[in-house]
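End of the sequence shown sits at 318 in this note's numbering; the numbers just go up one at a time, nothing left out. Glycine included, C-beta positions come from ideal geometry on N, C-alpha and C.
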Amino acid sequence: MQERAVRRRSIQILGLPALVFLLFFFVTPLLNMLQRSITDPAPGLGNYAVLFQSNIYLRVLIRTFQVALVVTLLCLALGYPTAYFISGIRSRRLRNLILVLVIIPFWTSLLVRTYAWMAILGRTGILNNTLVAVGLIEQPLRLLHTRFAVLVGMTHILLPFMILTLNAVMQGIDHRLTLAASTLGANPLRAFATVFLPLSMPGVASGSLLIFIMALGFYVTPALLGGQGDIMISMMIESRARQLLEWNTASTLSAVLLVVTLAMLMVYHKLIGLDELWSV
């Protein structure tokens with residue numbers, strides 16, 4: 039018992055610097071932001087009242103949630119088959135090689151990847167030039183600075199997170215279970231739907247939650263690929279804080295974004311449990 043207590047005390051001492059770092063560089067600015075949202079320019083909930091009574095802010099919030107949801111669904115639709123294919127590969131070397139290919143985009147700056155999409159989707163970009171050259175279109179299409187460009191860019195950047203999260207869960211599923219279901223008379227589709235899919239749902243939930251939360255706070259990609267009708271909450275926070283110096287509005291928008299994120303985590307905990315999220 040004494041040895042266990044000493045070990046626990048040692049772990050606590052080792053974790054103290056990290057705790058102090060988080061308190062100073064994360065919790066303190068967060069509390070300052072929350073305080074500013076209810077005290078500047080006057081104490082009360084006036085900033086929140088203005089926020090929810092303004093059509094502009096409400097449209098931006100709704101648009102942010104819509105884009106985040108669509109990107110999450112796109113990442114799930116593309117990432118699930120990819121992760122399922124990777125988990126079914128028996129050769130460990132080949133499986134690791136494909137995972138390296140999935141991870142390679144992390145080695146490139148997000149800004150560089152976004153500029154690459156600007157070069158691809160521009161009026162004189164690779165895609166338009168190719169379509170004109172093969173005769174499918176006569177005039178270049180307006181692809182850049184549209185909602186389509188935002189969705190493509192964000193999906194490309196966030197897709198590896200979905201694949202890796204799903205793969206981590208699927209690697210722990212024994213594929214022989216679906217074979218057993220097939221020997222009992224189930225066709226491949228039914229065996230997948232009744233055996234493998236339910237077992238992979240913790241990965242689906244964890245990956246979807248991760249992608250949705252990350253998409254809510256995206257700034258660079260929507261700012262460079264989107265147009266005036268694609269302004270998201272992160273872009274509005276930046277403009278209010280840096281350009282207009284409206285720190286009270288920026289703090290209020292940030293607080294709303296934080297509350298939405300915490301609410302999603304609470305719902306996830308009620309439905310599935312946060313233990314499943316941390317275990318992925």
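Under the three-state reduction of DSSP, which class applies to residue i: helix, strand or coil?
i	result
residue 212	coil
residue 78	coil
residue 194	helix
residue 241	helix
residue 101	helix
residue 177	coil
residue 257	coil
residue 43	helix
Please classify residue i: is it buried, with 16 or more other beta-carbons within 10 angstroms of its beta-carbon, or exposed?
i	result
residue 200	buried
residue 155	buried
residue 292	buried
residue 164	exposed
residue 168	exposed
residue 53	exposed
residue 129	exposed
residue 238	buried
residue 172	exposed
residue 140	buried
residue 49	exposed
residue 196	buried
Rounding to the nearest angstrom, what Cα-Cα distance links residue i and residue j in this structure?
i	j	result
residue 188	residue 157	14 Å
residue 61	residue 162	49 Å
residue 272	residue 75	16 Å
residue 81	residue 285	14 Å
residue 226	residue 119	15 Å
residue 294	residue 89	10 Å
residue 86	residue 290	7 Å
residue 229	residue 121	18 Å
residue 64	residue 297	16 Å
residue 95	residue 101	10 Å
residue 275	residue 265	17 Å
Out of the options, point me to the one whose CA is closest to residue i's CA.
i	options	result
residue 99	233, 267, 306 and 280	267
residue 262	191, 279, 212 and 299	191
residue 104	202, 269, 73 and 92	269
residue 126	244, 305, 50 and 234	234
residue 160	177, 124 and 97	177
residue 148	259, 89, 65 and 44	259
residue 254	193, 205, 232 and 73	193
residue 210	110, 124 and 250	124
Skipping 5 residues on each side, what residues in its chain have a beta carbon closer than 6 Å to that of residue i?
i	result
residue 115	none
By Cβ distance, which residues of its chain are closer than 7 Å to residue i, with the 5 residues on each side in sequence left out?
i	result
residue 93	none
residue 203	241, 244, 245, 248 and 318
residue 143	151 and 198
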